[in-house]
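Here is the structure we will look at.
Below is the structure:
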């Protein structure tokens, strides 16, 4: 815009405060992006599935995508705060200019935020599509998950039933989730999946555990008095251990 | 019209409206609820053998609460006007003057007073009270979460405190800007003598008082153990305290609808001569957008709770799966209110800071049109995003992608608001005051709240984050970090006009830094435990979350001290602060053209507006 220029400095990008803001912008973007990513990645649990790894890389990408915007806002605030400040009970002299708007700036701002919005949408949709297809996998292990105040029950195809979840490593699994009383939410923390358990309906979620170990299942929807204690463990074991566990438990259930 | 103020008050000791005040209202409310309670106990039939639900107690509770409501509203005098109309009459002129609180002194604050300035102060008082109670509950929650095993509070008490803190704060933040400043400042700012419907204005305030009592009542009959969202079917099996929640929401929704109709009409019809839409201050847009959004949102909330009450008391099955209902119906109704509602809270607070930005940078508001467009864009989109609260509810997985689109689109108008604020700060003359720093604090907090909102808007990331402490931290960043910051700045900024005295500068700074630092410490800690996997609304947690929870608790105590300093500032400055000049900030909006104390109808001669209020800055030579 022409009114951004003053006779002293014909080109706006050569002005001191613009240069200062530009340098601060780069610095702030780097700091915010790095700290933001590290903050999220370090605090997030270690992934035990591709799904969770996908979530972590999405957060990484989104944080770096948002960093330049956050960096620009911070840079402008810093420039403003480090310029001449006025203290006192009476107002300072009025500003030298009366720029009321700058359609170009606004247009650039809107277009850039539109592009970023589109980017976030597409990135999310790709991952979402992958997750949705996993639910339809008919080769997967099918486990029925039933929430009730305040325990989880897991039913396997061979009639086994348990309160701890057992899964073989590297095999896709589809959960069919429901509840017998109020709404719960089935959250396998380290695998990055969560689906509500609704009374009267069955919902699906799918995941492929890729790490042997013991992980957490927590209820993520307030379900009454002992909501905080409605947690259990998921044991991801080798295929052989899983088969052994399954036949042992299927047998005792059938025998009982 | 100009001679109105010269009329004497009412003839002594005649009219019924002179005898009514908050005490008669409390008395009549209590008496009528006791009478109805005893009658219901005596005459309501026992529940049938083998009934699905035991609904008699709910019927009795709800009837008693309705009786309280009717009794209180009758006792305060809300029905005098409508009753006169039924008889084909209206209030006399002197009665109207009495209602306006003419020559009445402090007593008018305890009555059904129609003067918008009195209503504004009443709203300010009740907002402070709500924050005091809700903040106290937050401290109980945080104290309980200081140690992993919980147990300091009983789980039921804990759940009830979480729910009550939530719904109290939601109401507190909804009214915190449009209540005190929308009522006190807004009519003067647009050059009006009062609101379009002064009696509705008084009604909207006293409805909130009437609503508060069932909520407190509910604490003693089992509490609100469902969280503020009161999801069914959990709410169906919750104790009798749930009826208190239902009544509270229904009455508050009425208040919001009344206030919404009133404020919208006032702004559309009563702006001063010459105040075209281009010259209307941006704060007015914020207030109107807020209450206009409440107009579609709160009737739905009202409806959702009426159905909830039917399910509990009349054994219907709107949300009861066993009888053919669906919990997803409740979730949809709730969030159709719930998502516009966060912008009901946010928009006026941001708009208030936009109003202050030119004043404290001594330059015009940058891109007024973009600001209006941003507010309009947020308002329009916000009614189309509700199901992002239900991504993982399983209700309609196919709709996740469209709702992801609408949710992420909101970042565009939100970005416009950022542009306006940073554009105004740029090359301004920075006047270091608490409101100016509040703009910076809003930009910082709202940036964090906004970016974390993008993660949450993404379905796969939400599948991990939903229902965790991360969400709690996110919405506190938007509603408290952005919203409350704007409201506190508004308090300091308009304090001279509302009390005639300046807000103590030192106290405003101390409180600002304590609240902002404490806030960021507290909620960064909460983000950490959310990422590590701690669910929301738990009274105990795994020991690995302990450090970050302790950090959050320490931050929360810092906020508490900061807020108490602010409260001390309000009281001490209102009593012995420095006398304020007419226009201490040298601002250009109309409210700074009237003297303190502001006369009953604000202006002797209505102002004529010839330019917008942002004509700062030297013309270029």
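Residue numbers (my numbering), protein chains in the order written: chain H, 473 to 728; chain D, 21 to 641.
For glycine and all other residues, C-beta sits at the position ideal for the given N, C-alpha and C.
None of these values were measured; they are calculated from a predicted model.
- When beta bridges are read from the DSSP output, residue 446 of chain D appears opposite no residue.
- A residue is called buried when at least 16 other Cβ atoms come within 10 angstroms of its Cβ; residue 113 of chain D does not meet this threshold and is exposed.
- With respect to chain D, the C-beta atom of residue 599 of chain H has a partner C-beta closer than 8 Å.
- Residue 534 of chain H has a beta carbon lying within less than 8 Å of a beta carbon in chain D.
- In this structure, the beta-carbon distance from residue 687 of chain H to residue 708 of chain H falls below 8 Å.
- The C-alpha of residue 154 of chain D lies about 19 Å from the C-alpha of residue 591 of chain D.
- When the Cα atoms are used, residue 633 of chain D and residue 555 of chain D turn out to be separated by approximately 48 Å.
- The alpha-carbon of residue 98 of chain D is positioned some 10 Å away from that of residue 131 of chain D.
- A direct Cα-Cα distance of roughly 28 Å separates residue 568 of chain H from residue 628 of chain D.
- The C-beta of residue 502 of chain H comes no closer than 8 Å to any C-beta of chain D.
- In this structure, the alpha-carbon of residue 578 of chain D lies about 15 Å from that of residue 500 of chain D.
- Short of 6 Å from the beta carbon of residue 649 of chain H, and not among the five residues preceding or following it, lie these beta carbons of its own chain, in chain order: 617, 658, 667, 669, 675.
- Within chain D, the residues placing a beta-carbon under 8 Å from that of residue 666 of chain H are 412, 483, 484, 486, 487, ordered along the chain.
- Within the segment 531-563 of chain D, the residues whose Cβ lies closer than 9 Å to any Cβ of chain H are, in chain order, 544, 547, 548, 549, 550, 551, 552, 553, 554, 555, 556, 557, 558, 559, 560, 561, 562.
- Look at residue 389 of chain D: its C-beta is under 8 Å from a C-beta on chain H.
- Distance from the CA atom of residue 543 of chain H to the CA atom of residue 574 of chain H, rounded to whole angstroms, is 21 Å.
- Among the residues facing chain D, residue 548 of chain H is included, as its CB has a counterpart in that chain under 8 Å away.
- Straight-line measurement puts the Cα of residue 77 of chain D at about 51 Å from the Cα of residue 589 of chain H.
- Taking residue 623 of chain H as the centre and dropping the five residues before and after it, the same chain places the C-beta of 635, 702, 704 closer than 8 Å to its C-beta, in chain order.
- For residue 230 of chain D, the enclosing alpha helix (DSSP H) stretches over residues 218-239.
- Among the CB atoms of chain H, one or more fall inside 8 Å of the CB of residue 175 of chain D.
- Within chain H, the C-beta atoms nearer than 7 Å to that of residue 438 of chain D come from 545, in chain order.
- Cβ-Cβ separation between residue 157 of chain D and residue 181 of chain D: approximately 5 Å, consistent with a contact (criterion under 8 Å).
- Taking 8 Å as the threshold, the shortest C-beta distance from residue 582 of chain H to chain D falls below it.
- Ranked by how close their Cα comes to the Cα of residue 496 of chain D, the residues D:532, D:322, D:422, D:541 have D:541 in first place.
- In terms of Cα proximity to residue 547 of chain H, the closest of D:594, D:463, D:567 is D:463.
- Straight-line spacing of the CA atoms in residue 572 of chain H and residue 601 of chain D works out to 29 Å.
- Near chain H, meaning a CB-to-CB distance below 8 Å, the residues of the segment 442-467 of chain D are 442, 443, 445, 446, 447, 448, 449, 450, 451, 452, 460, 463, 464, 467.
- DSSP places residue 702 of chain H outside both helix and strand once states are collapsed to three, so it counts as coil.
- Residue 67 of chain D carries a coil assignment under DSSP once its states are collapsed to helix, strand and coil.
- In the three-state DSSP reduction, residue 671 of chain H falls in the strand class (E or B).
- Your pair residue 558 of chain H and residue 449 of chain D checks out as a contact, with CB atoms roughly 6 Å apart and the cut at 8 Å.
- Annotated three-state conformation of residue 631 of chain H is coil, per DSSP.
- Along the segment 419-433 of chain D, going in chain order, the ones with a CB nearer than 8 Å to a CB of chain H are 420, 421, 424, 425, 428, 429, 431, 432.
- Within the same chain, 317, 320, 321 come within 6 Å of residue 357 of chain D by CB-CB distance, once the 5 residues on both sides are set aside.
- In the DSSP assignment, residue 386 of chain D falls outside any alpha helix (DSSP H) and carries neither an H nor an E.
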